[in-house]
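Each protein sequence line maps, in turn, to chains A and B.
Our numbering puts the first sequence at residues 3 to 338.
Our numbering puts the second sequence at residues 3 to 338.
Using N, Cα and C, we set each Cβ at its ideal position, and we do this for glycine too.
All values reported here derive from a predicted model rather than from experimental measurement.
Number of protein chains: 2
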Amino acid sequence: MLQGSQSWTFDNSPVILSTGTAGGPFEAEGNLGRDFDHLFSDIWMSEDSFEKAQTKLMEEAAYASLSKINKKPEDMQFVFAGDLINQITATSFACRSLAIPYIGLFGACSTSMEGLALGSFIVDKGGADYILTGSASHNAAVEKQFRYPTEYGAQKPPTSQWTVTASGAAVVGKTGTGPKVTSATIGKVIDMGLTDPFNMGGAMAPAAADTIEAHCTDLNRDPSYYDYIVTGDLGSVGLPLMKELLQQKGVMVTDDQCIDCGLLIYNEDQNIQAGASGSGCSAAVVYGHLLNRMKDKEINKMLVVATGALLSPLSYQQKESIPCIAHAVSIERGQN
Amino acid sequence: MLQGSQSWTFDNSPVILSTGTAGGPFEAEGNLGRDFDHLFSDIWMSEDSFEKAQTKLMEEAAYASLSKINKKPEDMQFVFAGDLINQITATSFACRSLAIPYIGLFGACSTSMEGLALGSFIVDKGGADYILTGSASHNAAVEKQFRYPTEYGAQKPPTSQWTVTASGAAVVGKTGTGPKVTSATIGKVIDMGLTDPFNMGGAMAPAAADTIEAHCTDLNRDPSYYDYIVTGDLGSVGLPLMKELLQQKGVMVTDDQCIDCGLLIYNEDQNIQAGASGSGCSAAVVYGHLLNRMKDKEINKMLVVATGALLSPLSYQQKESIPCIAHAVSIERGQN
């Protein structure tokens with residue numbers, strides 16, 4: 003039900019019954035390689051285009067999440083998913099093979115939590131017994147579309163982020179064993195006038211701060227309620243900015259409490275400048291690494307704040323600033 | 003709540019409290035010119051790009067729907083909207099000025115009913131008191147992106163459809179006076195292998211038929227329950243195909259019962275080949291003309307089946323076929 007101005011609390015606490023993740027060869031070498039269910043050794047993934055490879059990534063994560071609980075696509079009532087590719091074709095083609103009634107989303111890198119928030123609401127209120135949600139991104143497909151084909155070897159400035167080649171999917175159900183989705187806060191479009199597409203973290207930080215503040219106000223909750231406030235993906239430029247903005251708003255978070263998916267996935271030697279990004283990043287890190295840590299009882303409660311830069315190459319060329327958004331979902335270990 | 007495999011029935015019958023529509027000069031000359039709240043006399047709409055003009059169209063429809071019931075953007079909890087432009091920037095920029103918590107959708111021309119279905123579910127289950135939903139398209143922005151800049155004067159074959167320059171928005175609330183949203187059916191991706199991007203109606207007809215069949219099965223309802231089954235947009239090629247497919251499935255609809263937004267909006271002299279399309283088409287025709295007819299008691303019950311072709315120029319170049327989808331929402335006049 004609605005709580006405050008822009009949040010939902012889930013009275014029946016929908017359960018994340020299962021998750022699946024897939025990644026590419028560069029992600030295999032990163033910090034979280036062992037957290038992936040499937041790792042492709044080749045960025046083409048046996049496909050003839052990078053967009054088709056991204057479709058394969060999404061399918062792989064979806065089928066991995068289903069197979070762990072012995073479910074088939076036809077056991078799901080709806081899939082809530084999207085990505086960054088024009089007209090979200092990579093997701094739509096994955097949903098063609100899944101053949102599950104499909105709600106297409108666009109929230110750029112915030113899509114992961116947009117899908118989990120909506121899907122959890124639908125399950126919580128009896129609109130589905132099971133839903134599937136997730137997102138994927140492919141470095142070569144996304145870089146080509148937003149910037150340059152990676153084959154050009156174009157250089158990027160230190161504030162830029164590296165689009166991950168990864169996917170994450172989750173099955174949410176009414177009852178069962180697993181982490182519970184307890185609330186969600188839907189963000190507004192926040193645009194502070196930043197125009198540099200090589201500094202997404204800086205552009206998105208105010209959106210993350212706005213949504214976290216709204217979440218705490220709506221739920222009358224101190225940030226200390228959460229072990230972690232997990233952003234995805236602000237990187238090394240955006241994360242400190244977000245903390246500073248929260249401090250200005252009087253929302254007191256600690257340094258250790260704030261972690262960012264874009265800073266977790268790769269290791270220091272991978273030269274990814276300000277961190278990782280891409281709509282598959284938070285999906286893969288949350289549905290892989292972080293829920294694994296929750297399973298190991300290292301995390302009890304986390305607020306995942308997925309951030310999206312809603313620009314396009316065309317809006318940039320037309321000299322628009324970068325509109326940003328962040329959606330937050332709280333996930334708690336519960337008694338299981 | 004979930005009914006059957008992929009439908010929701012709304013126990014509290016959310017109400018369409020208000021709608022707003024806007025159109026361009028070509029739409030003003032069409033059959034439904036008088037049904038628009040606002041008509042722009044210039045396709046640039048005083049903006050310096052067609053994409054910004056589309057944003058203006060969306061804003062105009064949104065503010066028109068709000069002002070009719072003396073509401074402001076801040077009275078809405080959420081906006082469910084999207085469009086066809088890459089990364090749905092036209093909608094995101096409109097939502098930047100509206101500053102309502104925003105759920106971005108992508109369903110191509112099915113976005114109108116995707117938004118109404120989701121928004122109605124959220125209102126029905128106490129997730130919002132008021133939501134805003136809608137979509138827009140601009141002929142010159144969409145044609146440029148998917149085909150050629152209109153200034154080139156490229157010819158199109160007779161099976162092609164004309165992207166409308168129009169927008170439609172609706173405010174849905176828990177209680178009040180207005181047409182009721184009584185159920186929704188979420189479609190699957192249906193792809194029969196068609197590859198011609200100049201024949202969207204033919205490609206989308208099977209998706210419409212599939213969703214209508216699912217709706218009737220899920221609700222155990224004969225199509226005769228509805229005065230009209232309104233597609234958007236199959237055009238003159240797709241509509242007869244859909245009727246034939248329904249007949250093959252044993253879903254008996256009558257000729258008079260099936261109308262198509264893409265065949266209503268323009269007049270015969272406007273040379274728009276197989277009809278109109280664009281994500282603003284069904285939004286404008288349903289939230290303008292058809293709900294005006296319901297207000298006049300000429301329509302009591304209609305099933306609006308918005309269809310989307312989920313391709314991109316790139317997926318076409320990569321020789322993919324056209325994945326399609328259709329989402330259906332039933333709107334009933336009720337006692338008001």
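Residue-level contact to chain A via CB, residue i, 8 Å cutoff
i: B:K127; result: yes
i: B:T214; result: According to the sequence displayed, residue 214 of chain B carries Ile and not Thr. No, its Cβ sits nowhere closer than 8 Å to a Cβ of chain A.
i: B:P160; result: no
i: B:Q320; result: yes
i: B:F28; result: no
i: B:S169; result: no
i: B:G106; result: yes
i: B:Q163; result: no
i: B:P181; result: no
i: B:I45; result: no
i: B:I327; result: yes
i: B:L312; result: yes
Best match in the options for proximity to residue i [C-alpha to C-alpha]
i: B:T177; options: B:F148, B:A63, B:D126 and B:E31; result: B:D126
i: A:G336; options: A:M78, A:W10, A:G180 and A:A55; result: A:G180
i: A:I90; options: A:Q147, A:M78, A:L134 and A:K73; result: A:Q147
i: B:G234; options: B:N14, B:C326 and B:D224; result: B:C326
i: B:G22; options: B:I71, B:I301 and B:P225; result: B:I71
i: A:M304; options: A:A64, A:S332 and A:D198; result: A:S332
i: A:T256; options: A:M60, A:K245 and A:Q250; result: A:K245
i: A:S20; options: A:G264, A:V183 and A:Q259; result: A:V183
i: B:G26; options: B:Q8, B:W10 and B:I45; result: B:I45
i: A:F80; options: A:V173, A:A330, A:T113 and A:F95; result: A:V173
i: B:G195; options: B:F42, B:Q163 and B:Y318; result: B:Y318
i: B:V166; options: B:E31, B:Q320, B:V17 and B:G6; result: B:E31
i: B:I18; options: B:E62, B:S48, B:C283 and B:G175; result: B:G175
i: A:H217; options: A:E29, A:A156 and A:A330; result: A:A330
i: B:K158; options: B:A308, B:D198, B:I301 and B:S139; result: B:D198
i: A:S7; options: B:K299, B:M78, B:E153 and B:S48; result: B:M78
i: B:V361; options: B:V232, B:M60 and B:Y227; result: Look at the range of chain B in this structure, 3 to 338, and you will see that residue 361 of chain B is not part of it.
i: B:A285; options: B:S185, B:M47 and B:G264; result: B:G264
Neighbourhood of residue i by C-beta, 7 Å cutoff - its chain only, sequence neighbours within 5 removed
i: B:H291; result: L34, D37 and L266
i: A:F82; result: I105, L107, G117, L120, G121, I133 and T135
i: B:G240; result: G203, G204, M206 and A207
i: A:A64; result: G22, A96, L100, L134, G136 and A171
i: A:D131; result: Q79, G175 and K176
Assumed close pair residue i, residue j - CB separation to whole angstroms, cut-off 8 Å
i: B:F52; j: B:A143; result: 4 Å
i: A:S404; j: A:A110; result: Given a span of 3 to 338 for chain A in the structure shown, any question on residue 404 of chain A remains unanswerable.
i: A:A278; j: A:Y289; result: In fact, because the Cβ distance is near 15 Å, the residues do not count as touching under 8 Å.
i: A:G189; j: A:A168; result: Between A:A168 and A:G189 the Cβ distance is about 23 Å, and since that is not below 8 Å, they are no contact.
i: A:F123; j: B:G129; result: 6 Å
i: A:L236; j: A:D262; result: 5 Å
i: A:L59; j: A:A138; result: 4 Å
Closer than 8 Å to chain B by CB, residue i
i: A:P103; result: yes
i: A:A55; result: no
i: A:S317; result: yes
i: A:A51; result: Contrary to the premise, residue 51 of chain A reads as Ser rather than Ala in this sequence. It does; some Cβ of chain B falls within 8 Å.
Residues near residue i in its chain [Cβ-Cβ closer than 8 Å; skip 5 each side]
i: B:K74; result: L68
i: B:E76; result: A101 and I102
Own chain residues within Cβ distance below 6 Å of residue i, not counting five before or after
i: A:T161; result: F200, N201, V239 and A276
i: B:A92; result: E53, Q56, T57 and D85
i: B:I192; result: P208, A209, D212 and C326
i: A:D39; result: G22, T23 and A66
i: B:E215; result: K251 and V253
i: B:A311; result: A110, M202, A205, M206, I324 and C326
i: B:R149; result: none
i: A:M369; result: One cannot answer for residue 369 of chain A here, as it falls past the ends of chain A, which runs 3 to 338.
i: A:Q272; result: none
i: B:S43; result: P27
i: A:T152; result: A142 and E145
* Between the region 84-98 of chain A and chain B, which residues of the former have CB atoms less than 8 Å from a CB of the latter, in chain order? -> G84, L86, I87, N88, Q89, I90, T91, S94, F95, C97 and R98
* Using a Cβ-Cβ cut-off of less than 8 Å, list which residues of the region 4-19 of chain A approach chain B; keep chain order. => L4, S7, Q8 and W10
* To do: Can you give me, in chain order, the residues of the region 188-213 of chain A that have a beta carbon less than 7 Å from any beta carbon in chain B?
  => I188, G189, K190, V191 and D193
* Near-chain B residues of the region 108-141 of chain A (beta-carbon distance less than 9 Å), N- to C-terminal order -> F108, G109, A110, S112, T113, E116, A119, L120, F123, I124, D126, K127, G128, G129, A130 and D131
* **Cβ-based contacts, 9 Å cut-off: residues of the region 269-293 of chain B near chain A** => none
* Asked: Taking Cβ-Cβ distances below 9 Å as the criterion, which residues of the region 61-82 of chain B are in contact with chain A?
  -> E76, Q79 and F80
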